[in-house]
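One structure is given below, encoded as structure tokens.
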Amino acid sequence: MIPSDIRLYTWVDVEEVLLRSQEQEQWPKDLVWARGYWDELVLGIRPGTQSSIKTWLQEVYEPRFQDNGQQGNDCIILESAEGNQRTLPIILEETEEEPPTPKLIPNLARPTVIWQRTEKLQAPDIFPDDLPPVLAFHSFKGGVGRTTHALALAQALINAKQKVLLIDGDLEAPGISWLLESRLPYPPICFADIIALIHGDPSPDAEQTIDLATQKLQNALVDGIYILPSFRVNSRLTGLAIKPEHLIKGHKNPFILTDSLARLGKALGVNVVLVDLRAGLSELAAGLILDPRVYRIFVSTLSGQSISGTGRLLELIAKLAPSTRDKDPYPAFILTKVPQDETAENFIESEQTLLEAIQPLLGEDSEPIRITIPFTEKLQILSNSWQEVWQHLGTSQLIDLLHPLLEWLPDNLNKSNPPDEPISLLKSQRESLRNIAYKMIYAERAETEDFLVTESLQNLANDYRSQIPISVVIGAKGSGKTYTFMQIIRRQEWKKFGQDVGITNVDSTVASTAFIAPIIASTNLNDKAKKIVYDVRKYCAEQIGLTPPVDDSEIKDYIRDGYQEELHEGQWRDRWLDVIAKTLGMTGKGRDLPKYIAEKKQKIVAVIDGLEDLFQEFAQNEDQQTALRALLQDVPQWLEQQPFRCLGIIIFVRQDILTASVRQNYGQMKSRYQPYRLRWNEESVLRLVAWVADKANISLNLNPAELQDMNEAELTESLRPLWGKNLGNDRSRQARSAPFVIAALSDYNGQIQSRDVVRFLKIAAGQSIDDDYWQDRILVPKAIRGCLDECSQEKITEIELENEPLKRVFNKLRPLSADQKKSPFQLENIDLSPEDISLLKENGVIIADGDKYYVSEIFRLGLGFSQNVGRPKIMALARRATQRL
233 MIPSDIRLYT
243 WVDVEEVLLR
253 SQEQEQWPKD
263 LVWARGYWDE
273 LVLGIRPGTQ
283 SSIKTWLQEV
293 YEPRFQDNGQ
303 QGNDCIILES
313 AEGNQRTLPI
323 ILEETEEEPP
333 TPKLIPNLAR
343 PTVIWQRTEK
353 LQAPDIFPDD
363 LPPVLAFHSF
373 KGGVGRTTHA
383 LALAQALINA
393 KQKVLLIDGD
403 LEAPGISWLL
413 ESRLPYPPIC
423 FADIIALIHG
433 DPSPDAEQTI
443 DLATQKLQNA
453 LVDGIYILPS
463 FRVNSRLTGL
473 AIKPEHLIKG
483 HKNPFILTDS
493 LARLGKALGV
503 NVVLVDLRAG
513 LSELAAGLIL
523 DPRVYRIFVS
533 TLSGQSISGT
543 GRLLELIAKL
553 APSTRDKDPY
563 PAFILTKVPQ
573 DETAENFIES
583 EQTLLEAIQP
593 LLGEDSEPIR
603 ITIPFTEKLQ
613 ILSNSWQEVW
623 QHLGTSQLID
633 LLHPLLEWLP
643 DNLNKSNPPD
653 EPISLLKSQR
663 ESLRNIAYKM
673 IYAERAETED
683 FLVTESLQNL
693 ANDYRSQIPI
703 SVVIGAKGSG
713 KTYTFMQIIR
723 RQEWKKFGQD
733 VGITNVDSTV
743 ASTAFIAPII
753 ASTNLNDKAK
763 KIVYDVRKYC
773 AEQIGLTPPV
783 DDSEIKDYIR
793 DGYQEELHEG
803 QWRDRWLDVI
813 AKTLGMTGKG
823 RDLPKYIAEK
833 KQKIVAVIDG
843 LEDLFQEFAQ
853 NEDQQTALRA
863 LLQDVPQWLE
873 QQPFRCLGII
883 IFVRQDILTA
893 SVRQNYGQMK
903 SRYQPYRLRW
913 NEESVLRLVA
923 WVADKANISL
933 NLNPAELQDM
943 NEAELTESLR
953 PLWGKNLGND
963 RSRQARSAPF
973 VIAALSDYNG
983 QIQSRDVVRF
993 LKIAAGQSID
1003 DDYWQDRILV
1013 PKAIRGCLDE
1023 CSQEKITEIE
1033 LENEPLKRVF
1043 NKLRPLSADQ
1053 KKSPFQLENI
1063 DLSPEDISLL
1073 KENGVIIADG
1083 DKYYVSEIFR
1093 LGLGFSQNVG
1103 RPKIMALARR
1113 ATQRL
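Be aware that the sequence shown starts at 233, since it is given in our numbering, and climbs by one per residue.
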């Protein structure tokens, strides 16, 4: 049937029906081509197929197709005034022709002949690596700040020591050219000249034009930028004899304009060719925005028309000029003039419209560059003077905000890429990373004495540099609690821990005598780690004239007996003090321990970990909750009131234990200890990765001493020798490596655990050892993607040990059929209660989108869920989850 949005007024509408059918791959194989005229529609068909073609036409144009049998005057009934029927005759012409190889033509015009599609469009040749990238700024509407942002990017590139050719490609309403008039009133050559020269250039690939333009542009170097205005004289705006579409239609190479601009950039020695295009769906811009090799940047405000138009433009590009090759760059978009009070919901909706439209242009798990520019009053009205605008942009925040675009571009062509490492060295480095990461995964094995200084550890050491600590350190399983516990007790003295963290102004009179006393440790420690715990405990006890018991099992029994006796919180507080005293070998009451330590003129910091081993029923057992509440609240409060402050305490506790045991003042307590919480964000994860790689002797071109001062962008750049810029070569459309890894290892609460990160490094390094293709990185793309399954399985195994309710829900999911185990899923297909769904959401396992639920990657693979066809990608889902936090 005729699509509901089409009305058959002319042959154009009749042909549009055929185009729609072709897009939906509904053309019969015997229809070879179609050619529309104002007075008829001619169809090229295979001999002897008139009957089947007429049947198809009847279906497609029902009820407008009129079959007149053998008379040969079939027609389509057009929209007509009453009493004056209009028709378009149809002529069926038998042919033996074969459809030509379809070529991508960068224009918006309707094809004169619609050929049967037999294969994918033939795209233009990939640019050689020695050609600079061509960037094109485009917008659906004018007035969105396109030219301003093009100028700002040019300045950002210059600041980054890049050389730029800046072209005013707006041949109807030039912006850059007007600014340039005051600075370069008589430019030696213009964009209109280049187009006309190429059109008449007899040399292959327009070499003569490029040579001439290169010479002329030497006199158009302004502020370090070669500038090519649209016209030499702005009064000649209407005098464009040769237009870009003439090149596209008249040259044997329809991409001659892009090719010539790239070659001109190479001849000038620039790193980037930057073009500011005409706004709207214009043939003046089509040559570049329909070239999949061009780095296309779309600029829009949040206005409904601008967002809708930009989305439509992106859909059109995906249809006419799809990016199908790995080296075709994915687009970027900039949202400008975003008000400070813009609601998150409106902003997310606008961004989502563009993201959905841009998805067909992206590679697997690629994310487009998205930049948000807040509304700035002083950028709304700019001077007509190049110098003033240039200086104004240089003092604005716009330059910094556009920095992600520099990361998006391929490497600086003036920098030689580091030579590939010999295979033997790569293999050795991969083995080293695997082995180092293996030692670091489990703190229970006590395999390493080093630790990464995180913000939480800095806060802990700094806040207690002049007095012994009394604190609670909160963290999920796998966040590094036991690892940090082991690193603190290894130092034996609190001052030594502060020094290793990097605190230089530790008060030696206070901290030098603060000995570390491990009181309770995880039962999962191996023999080596247990010996370290006992040796440190013994060393501490000896400093105050005590001898600790060799076997601490009696002390743990003493704790367990307590929650069988239904003690109240005050009794539990005293019992915990007794536990500290007994562990150090003191026979009296624990309440007397601070006074005893003071008399010895010493100070002690008790350190506790492994509470989940002693209180396995904390979620349901009120007596266990009372015991924990007394330890976490009453003991620290009691110690803080002691006049001598000679006994401190650090308690490592899981988040869920704290939530279950401290209910009344949970928010206050969480806020109090927030600075010491073991929580990892994107920047700290990258810092951890860099630290582990450095310990494996992988050269990352960084100074380990400066690691703490590096920001996210600097860390991302330093990690390129580890895993590359992308999960492919630098010009590929594959996902950027660092954001992909973080997204894949994070749950939908935005949480990522250090153990998962280190485990990822260990598995990915192991799977990369035998690869000899990727010689510019340690971790290869196949291993990065391939190791996620094992990472997910081990993550689930560990989380089930600490979270029994979540384990029960996982056990409901495991027996489901393959058809049911798909992400996203709907409740009607899976038997889960509202409580189950809430539990999955609370733990970051799923995120809702309407009536569909997506499973986060770190859980999806281990639970055996597959992804539905047409799924949002890993990074897109992670971004959506982050927006909703």
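Note that CB positions come from ideal geometry on N, CA and C, so glycine has one too.
1) Would you kindly work out how many angstroms separate the C-alpha atoms of threonine 819 and asparagine 981, rounded to a whole number?
2) What do you reckon, are the CB atoms on leucine 460 and aspartate 400 nearer than 8 Å?
3) Quickly, what does DSSP pair proline 750 with across the bridge? List them, please.
4) Report all residues from its chain with a CB closer than 8 Å to the CB of aspartate 271; omit the five preceding and five following residues, and keep chain order.
5) Does the stretch 534-551 come within contact of the stretch 354-362, defined as at least 3 CB pairs closer than 8 Å?
6) Quick check on lysine 814: buried or exposed, where buried means 16 or more other Cβ atoms within 10 Å of its Cβ?
7) From aspartate 784 to aspartate 810, what does the alpha carbon distance come to, in whole angstroms?
8) So is isoleucine 881 buried or exposed if we call it buried at 16+ other beta carbons inside 10 Å?
9) Among Leu932, Thr948, Pro356, which one has its Cα closest to the Cα of isoleucine 333?
10) Could I get the ranges of all uninterrupted alpha helix (DSSP H) runs contained in the stretch 438-492, with 4 residues as the minimum, in chain order?
11) Terminal residues of the continuous alpha helix (DSSP H) containing proline 334?
12) In terms of alpha-carbon separation, which member of Asn1035, Ala388, Arg525 lies closest to leucine 625?
13) With a CB to CB cut of under 7 Å and the five nearest residues on each side skipped, what residues in its chain are close to isoleucine 238?
14) In angstroms with no decimal places, state the Cα-to-Cα distance between asparagine 316 and leucine 513.
15) Given a threshold of 16 other Cβ atoms within 10 Å of its Cβ, counted over all protein chains shown, does tyrosine 241 qualify as buried or as exposed?
16) Pop quiz: valine 704 and valine 885 are said to be a contact at Cβ under 8 Å. What is the actual Cβ separation, rounded to whole angstroms?
17) Below 6 Å CB to CB, which residues in the same chain sit around leucine 863 once its five sequence neighbours on both sides are set aside?
18) Considering only their Cβ atoms, is the gap separating valine 685 from glycine 734 smaller than 8 Å?
19) Cβ of arginine 1017 within 8 Å of Cβ of glycine 956?
20) Using a Cβ-Cβ cutoff of less than 6 Å, which residues in the same chain neighbour isoleucine 390 once the five nearest sequence positions on both sides are dropped?
21) Please report the residue range of the beta strand (DSSP E) in which alanine 1080 lies.
22) Skipping 5 residues on each side, what residues in its chain have a beta carbon closer than 8 Å to that of glutamine 619?
23) If we count the other Cβ atoms within 10 Å of its Cβ and call it buried at 16 or more, is asparagine 845 buried or exposed?
24) So for asparagine 758, helix, strand or coil by DSSP?
25) Could you name the residues of the same chain whose beta carbon sits closer than 6 Å to that of isoleucine 668, not counting the 5 residues immediately before and after it, in chain order?
26) For glycine 407, which of Ser1088, Ala382, Pro365 has the nearest alpha-carbon?
27) Hey, lysine 335 and glutamine 354: beta-carbon distance below 8 Å or not?
28) Measure the alpha-carbon distance for leucine 593 versus leucine 939 and round it to whole angstroms.
29) I need the straight-line Cα distance from serine 1098 to glycine 1076, nearest angstrom please.
30) Tell me the rounded alpha-carbon separation between lysine 763 and glutamine 394.
31) CA-CA distance, glutamine 852 and serine 754?
32) Rounded C-beta distance between serine 688 and proline 907? I'm assuming under 8 Å.
33) Among Gly276, Phe1091, Arg861, which residue has its Cα nearest to the Cα of cysteine 1023?
34) On the three-state DSSP scale, how would you describe glutamine 348?
35) Label glutamate 477 either buried or exposed according to how many other C-beta atoms from any shown protein chain fall within 10 Å of its C-beta, with 16 as the threshold for buried.
36) Put glycine 268 into one of helix, strand or coil per three-state DSSP.
This is what the structure gives:
1) One-based indexing of the sequence shown puts residue 819 at position 587. One-based indexing of the sequence shown puts residue 981 at position 749. Roughly 47 Å between the two C-alpha positions.
2) In the sequence shown, the residue the question calls residue 460 occupies position 228. In the sequence shown, the residue the question calls residue 400 occupies position 168. Yes, Cβ-Cβ distance for leucine 460 and aspartate 400 is below 8 Å.
3) Against the sequence shown, residue 750 aligns to sequence position 518. DSSP lists Val839 as partners of proline 750.
4) Here residue 271 refers to the residue found at position 39 when the sequence shown is read from its first residue. Excluding positions up to five away in sequence, the list reads Trp243, Leu320, Pro321.
5) no
6) If you number the sequence shown from 1, residue 814 lands on position 582. Buried.
7) As a working mapping, residue 784 is identified with position 552 in the sequence shown. As a working mapping, residue 810 is identified with position 578 in the sequence shown. C-alpha separation (whole angstroms): 13 Å.
8) By one-based count along the sequence shown, residue 881 stands at place 649. Buried is the call here.
9) As a position in the sequence shown, residue 333 is number 101, starting the count at 1. The residue asked about is misnamed: residue 333 is threonine in this sequence, not isoleucine. The shortest Cα separation from threonine 333 among Leu932, Thr948, Pro356 belongs to Pro356.
10) 439-449, 476-482
11) As a working note, residue 334 is residue 102 in the sequence shown. It is not in any alpha helix (DSSP H) - proline 334 carries neither H nor E in the DSSP assignment.
12) Walking along the sequence shown from the start, residue 625 turns up at place 393. The residue with the shortest Cα to Cα distance from leucine 625 is Ala388.
13) In the sequence shown, the residue the question calls residue 238 occupies position 6. Within the same chain, isoleucine 238 has close Cβ partners Asp245, Glu248, Val249.
14) Here residue 316 corresponds to residue number 84 of the sequence shown, with the count starting at 1. Here residue 513 corresponds to residue number 281 of the sequence shown, with the count starting at 1. So the alpha carbons of these two residues sit roughly 36 Å apart.
15) For this step, residue 241 is matched to residue 9 along the sequence shown. By the neighbour-count rule (16 or more Cβ atoms within 10 Å), tyrosine 241 is not buried but exposed.
16) By one-based count along the sequence shown, residue 704 stands at place 472. By one-based count along the sequence shown, residue 885 stands at place 653. Correct: roughly 6 Å between the Cβ atoms.
17) Counting from one through the sequence shown, the residue named residue 863 turns up at place 631. Same-chain partners within the cutoff: Trp808.
18) As a first step, residue 734 is located in the sequence shown; it is residue number 502 there, counting from the start. As a first step, residue 685 is located in the sequence shown; it is residue number 453 there, counting from the start. Cβ distance < 8 Å, so glycine 734 and valine 685 count as in contact.
19) Against the sequence shown, residue 1017 aligns to sequence position 785. Against the sequence shown, residue 956 aligns to sequence position 724. No, the pair does not count as a contact, with Cβ atoms beyond the cut-off.
20) Position 158 of the sequence shown, counted from the start, is the residue given in the question as residue 390. Hits under 6 Å: Gly456.
21) Position 848 of the sequence shown, counted from the start, is the residue given in the question as residue 1080. 1078-1081 is the extent of the beta strand (DSSP E) around alanine 1080.
22) The residue you call residue 619 lines up with position 387 of the sequence shown. Excluding sequence neighbours, glutamine 619 sits near Ser414, Arg415.
23) Translated into the one-based positions of the sequence shown, residue 845 becomes position 613. Residue 845 is actually aspartate in this sequence, not asparagine. Its Cβ having fewer than 16 others within 10 Å, aspartate 845 is exposed.
24) In the sequence shown, counting from the first residue as 1, residue 758 sits at position 526. Asparagine 758 falls in the coil class under three-state DSSP.
25) Here residue 668 refers to the residue found at position 436 when the sequence shown is read from its first residue. Correct list, in chain order: Lys927, Ala928.
26) Within the sequence shown, residue 407 is the residue found at index 175, counting from 1. Selected option, being the one with the closest Cα: Ala382.
27) Position 103 of the sequence shown holds residue 335. Position 122 of the sequence shown holds residue 354. Cβ distance < 8 Å, so lysine 335 and glutamine 354 count as in contact.
28) As a position in the sequence shown, residue 593 is number 361, starting the count at 1. As a position in the sequence shown, residue 939 is number 707, starting the count at 1. So the alpha carbons of these two residues sit roughly 36 Å apart.
29) Within the sequence shown, residue 1098 is the residue found at index 866, counting from 1. Within the sequence shown, residue 1076 is the residue found at index 844, counting from 1. Taking the straight line joining both Cα atoms gives about 18 Å.
30) Translated into the one-based positions of the sequence shown, residue 763 becomes position 531. Translated into the one-based positions of the sequence shown, residue 394 becomes position 162. Those two C-alpha atoms are separated by around 57 Å.
31) Indexing the sequence shown from 1 puts residue 852 at position 620. Indexing the sequence shown from 1 puts residue 754 at position 522. Spanning the two alpha carbons is a distance of roughly 21 Å.
32) Within the sequence shown, residue 688 is the residue found at index 456, counting from 1. Within the sequence shown, residue 907 is the residue found at index 675, counting from 1. Contact flag correct, Cβ pair sits at about 7 Å.
33) Here residue 1023 corresponds to residue number 791 of the sequence shown, with the count starting at 1. Cα-wise, what sits closest to cysteine 1023 is Phe1091.
34) For the purposes of this step, residue 348 is taken as residue 116 along the sequence shown, with counting starting at 1. Glutamine 348: coil per DSSP, three-state reduction.
35) Along the sequence shown, one-based indexing puts residue 477 at 245. That one is buried.
36) For the purposes of this step, residue 268 is taken as the residue at position 36 of the sequence shown. Looking at glycine 268 - three-state DSSP - the assignment turns out to be strand.
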